[in-house]
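Visitor: My structure is below; once you've seen it, I'll send some questions.
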Amino acid sequence: QVQLVESGGGLVQAGGSLRLSCAASRSILSINTMGWYRQAPGKQRELVATITSGGTTNYADSVKGRFTISRDIAKKTVYLQMNSLKPEDTGVYLCFAEVLGRTNGWGQGTQVTVSS
């Protein structure tokens, strides 16, 4: 089981920026995929962005061009830079780790609220 600790998030006005961090308990090179889901009230959980151990990134269409996922291998941390935030980006963002095709850990979740 990978332990994940999230930080960042908060309240921001539309058009603003926030950065989320997700620190892992072990080398992120040993984790096949890391990323974030988000959960908004009354909506299905949405996969927002992922990064593989090889550095390949993927994004939901709704965030392409605005969000960037990156990593610091030495710090065992993955980041989600969120720019040009919209009210519809509001939700709880959950960091996850996937190993050998199975979810191996979840962060505690962090609230992102974008006001219009």
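The opening residue of the sequence shown carries number 609 in the numbering used here; numbering runs sequentially from there. The beta-carbon is built from N, C-alpha and C at its ideal position, and this holds for glycine as well. Note that the structure is a prediction, hence the values are computed from the model and not measured.
Within 8 Å, do at least three Cβ pairs link the stretch 702 to 715 to the stretch 620 to 627?
Guide: Taking 8 Å as the limit for Cβ pairs, the verdict is that the stretch 702 to 715 does not touch the stretch 620 to 627.
Visitor: I want to know whether the stretch 654 to 669 touches the stretch 710 to 717 - three or more CB-CB distances under 8 Å.
Guide: Result no; under three Cβ-Cβ pairs closer than 8 Å.
Visitor: Can you name, in chain order, every residue of its own chain whose Cβ lies under 7 Å from the Cβ of G699, other than the five neighbours on each side?
Guide: Here the set comprises R646, Q647, A648, V720.
Visitor: My output table needs one value for L697: the three-state DSSP class, helix, strand or coil.
Guide: According to the sequence provided, residue 697 is Asp. The question's Leu does not apply to it. Correct three-state label for D697: helix.
Visitor: Which class does I636 belong to by DSSP, given the choice of helix, strand or coil?
Guide: If DSSP states are grouped into helix, strand and coil, I636 belongs with the helices.
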